[in-house]
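Worksheet: the structure to be examined is printed underneath.
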């Protein structure tokens with residue numbers, strides 16, 4: 010429950026601190042005094058959107074702080090605090106929001122900075138705020154099924170959870186299947202490209218990643234065969250000429266070196282070096298001769314090498330840049346083509362798996378439907394009773410079931426709340442025919458039913474009694490008081506009957522001082538309560554008779 014609210018520089022509020030109590034608290038005051046501003050402040054603590062215009066005129070920032078005492082929601086709040094790394098006490102939670110004219114707004118939970126999304130998630134377990142024009146769950150046809158499910162037993166919720174797990178798996182499978190079918194044309198085009206590439210590479214008979222280098226060397230020899238032959242022949246002529254050839258001259262040089270050894274042993278090494286050199290040159294000449302004997306220009310081979318190199322260079326340009334890269338690309342193409350070959354099998358397998366899951370979900374959804382029908386019947390009776398308490402005893406209320414065209418996260422049920430507020434009227438969807446006053450009573454009827462299972466500790470009703478008066482207002486007041494026995498209820502009202510039903514009342518008043526407007530709030534004593542309710546009933550001129558009527562109203566509502 011909300012224990013304390015501290016507001017600074019928010020709207021027309023300069024500084025305000027109020028402590029709330031258990032059960033039903035009624036906030037009253039003249040229009041424009043600032044009652045709804047207090048609710049706006051609480052809404053900000055629950056994560057509602059802020060605007061700079063909310064900051065009091067002339068101030069740089071507004072700060073709103075709320076102290077909450079936890080009860081049934083302790084475990085869930087502790088779990089969320091652990092999840093988001095927030096400090097937490099077993100029984101208390103302090104939330105603060107700071108709005109700034111310049112710079113970023115700040116959110117703190119138990120003193121630690123956090124995000125607005127975390128605040129909203131935690132706020133779902135703290136306060137539930139409702140007004141006359143509440144369009145949340147009641148008026149949202151898509152969410153009316155949630156009300157039925159919330160009213161069901163824990164065993165139903167377990168069955169729904171099991172179905173939803175299968176539903177998520179089904180969604181995943183059907184998405185995969187849809188993508189397979191949607192991409193069929195694109196995949197076929199890709200397969201054609203891969204097949205063309207594979208055929209091109211396969212026809213090239215690739216075997217050796219170094220083939221291009223070896224062929225380049227062979228091509229160089231064949232392409233320069235005549236130059237090589239002419240140069241080699243020239244060398245032979247130089248070497249073998251009878252009179253002036255290198256061989257003859259080397260022989261003469263060798264003889265001269267040998268002659269020198271006769272004049273001293275010191276020339277022996279020199280002569281040996283000359284001999285070695287001559288022998289080496291002779292060996293080189295023999296090697297060249299052998300090489301030339303082995304060389305033979307083959308025109309057919311030359312054409313093959315030329316064409317083969319053209320093929321390999323073309324492949325390298327497309328899939329290279331190196332021949333090793335071409336080999337790697339070829340392996341990749343073969344692998345991808347292999348996956349295409351099993352694509353049909355994948356689709357068949359997916360279809361079979363989808364059919365299997367759908368068969369299971371059909372049975373689960375049928376079971377959920379049967380349970381919901383029983384729950385809906387019980388809920389209809391409860392709502393009728395609550396509406397009767399609120400003087401709508403002649404209203405007819407029905408929960409209508411329709412089967413969805415496909416599976417949803419809730420099964421195959423679509424639920425619509427139908428109502429005929431007056432005798433002789435046809436049942437129509439709630440959102441189409443309910444007036445403001447009737448909607449208020451429906452909200453209250455549902456809240457009376459669901460207050461026992463809702464996780465929040467505080468329910469706030471902002472002028473939910475607008476559009477009704479007299480005995481209907483009194484009934485609304487008593488209904489909120491009944492809810493207040495399980496939850497903390499804070500009600501803003503202009504109705505004396507609702508004010509009379511409260512366990513305590515607070516008066517919001519606006520004051521003008523030194524040209525500035527201030528809002529104050531404080532609890533009313535028993536006598537002040539009687540005077541305030543008398544003013545609500547009779548106006549500012551409160552007579553003893555008006556006070557007596559107010560006291561009688563309080564007593565009559567309390568006694569009923």
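Numbering (our numbering), first residue to last: 10 to 569. Virtual Cβ for every residue (Gly too), placed ideally from N, Cα, C. The model shown is predicted, which means the values in this text are computed figures rather than measured ones.
Legend entry - Nonlocal neighbours in the same chain, by C-beta distance under 7 Å from residue 144, ignoring five residues either side: With a pLDDT of 46 at residue 144, under the threshold of 50, the predicted position of this residue should be treated as unreliable, though the coordinate-derived value follows. If we look at residue 144 and ignore the five residues flanking it on each side, it has no Cβ neighbours.
Legend entry - Reduced DSSP category for residue 348 - H, G, I as helix; E, B as strand; rest coil: Residue 348 falls in the helix class under three-state DSSP.
Inset, instruction - Could you check if residue 110 is buried or exposed, using at least 16 other CB atoms within 10 Å of its CB as the buried criterion? - result: Residue 110 counts as exposed, since fewer than 16 other beta carbons sit within 10 angstroms of its beta carbon.
Inset, instruction - Taking only the alpha-carbon atoms, compute the straight-line gap between residue 152 and residue 540 and give it to the nearest angstrom. - result: 43 Å
Legend entry - CA-to-CA distance, residue 394 to residue 458, given in whole angstroms: 10 Å
Legend entry - Complete alpha helix (DSSP H) runs within the stretch 103-147 (minimum length 4 residues, chain order): 125-132
Legend entry - N- and C-terminal bounds of the beta strand (DSSP E) containing residue 519: Boundaries of the beta strand (DSSP E) around residue 519: 513-522.
Inset, instruction - Pull up the distance between the alpha-carbon of residue 556 and that of residue 507, whole angstroms please. - result: Pairing residue 556 with residue 507, the inter-Cα distance amounts to about 16 Å.
Inset, instruction - Assign residue 420 to one of three DSSP states: helix, strand, or coil. - result: strand
Inset, instruction - May I have a chain-ordered list of the alpha helix (DSSP H) segments no shorter than 4 residues that lie completely inside the stretch 152-217? - result: 153-160, 163-191, 193-212
Inset, instruction - Tell me residue 101's beta-bridge partners as DSSP assigns them. - result: Residue 101 has 78 as its beta-bridge partners, per DSSP.
Legend entry - residue 332 to residue 346 span [Cα, whole Å]: 21 Å
Legend entry - residue 457 in three-state terms, based on DSSP: helix
Legend entry - Backbone secondary structure at residue 531 - three-state DSSP: Of the three classes helix, strand and coil, the one that applies to residue 531 here is strand, per DSSP.
Legend entry - Start-to-end residues for the beta strand (DSSP E) that takes in residue 491: Run containing residue 491: none in the beta strand (DSSP E); it sits in the alpha helix (DSSP H), 479-492.
Inset, instruction - From the DSSP output, in three-state form, read off residue 5 for me. - result: Lying before the first or after the last residue shown, residue 5 is absent from the chain, which here runs from 10 to 569.
Inset, instruction - Taking only beta-carbon positions, decide if residue 57 is within less than 8 Å of chain D. - result: This model lacks chain D altogether, as it is built from one protein chain only.
Legend entry - Reduced DSSP category for residue 285 - H, G, I as helix; E, B as strand; rest coil: helix
Inset, instruction - Kindly identify the DSSP beta-bridge partner or partners of residue 26. - result: 15
Legend entry - Nearest residue (CA-CA) to residue 565, options 510, 534, 544, 524: Checking every option, the nearest Cα to that of residue 565 belongs to 510.
Inset, instruction - Determine the closest residue to residue 205 out of 343, 536, 491, with distance taken between C-alpha atoms. - result: The residue from 343, 536, 491 with its alpha-carbon nearest to that of residue 205 is 343.
Legend entry - Nonlocal neighbours in the same chain, by C-beta distance under 6 Å from residue 552, ignoring five residues either side: none
Inset, instruction - Look at the alpha carbon of residue 162 and the alpha carbon of residue 492, and state the distance between them as a whole number of angstroms. - result: Computed Cα separation, rounded: 21 Å.
Legend entry - Pair within 8 Å by beta-carbon distance, residue 407 and residue 389: Cβ distance < 8 Å, so residue 407 and residue 389 count as in contact.
Inset, instruction - State buried or exposed for residue 340, treating a residue as buried only when at least 16 other CB atoms are found within 10 Å of its CB. - result: Around the beta carbon of residue 340, a 10 Å sphere encloses fewer than 16 other beta carbons of the protein chains shown; the residue is thus reported as exposed.
Inset, instruction - Name the two residues that bound the continuous alpha helix (DSSP H) containing residue 320. - result: 308-328
Legend entry - Rounded separation between residue 142 and residue 475 - CA only: At residue 142 the pLDDT is 41, less than 50, meaning the model places this residue with poor confidence; the figure from the coordinates comes in the next sentence. Roughly 10 Å separates the two Cα atoms.
Inset, instruction - Consult DSSP for residue 525 and reduce its assignment to one of helix, strand or coil. - result: Correct three-state label for residue 525: strand.
Legend entry - Selection from 23, 29, 16, 328 that minimises the alpha carbon distance to residue 466: 29
Inset, instruction - Check residue 562 in the structure and name its three-state DSSP category. - result: Correct three-state label for residue 562: helix.
Inset, instruction - Just mark residue 487 as buried or exposed, buried being the case when its beta carbon has 16 or more other beta carbons within 10 Å. - result: buried
Inset, instruction - Enumerate, from N- to C-terminal direction, the unbroken alpha helix (DSSP H) stretches of 4 or more residues contained entirely within the stretch 237-273. - result: 255-269
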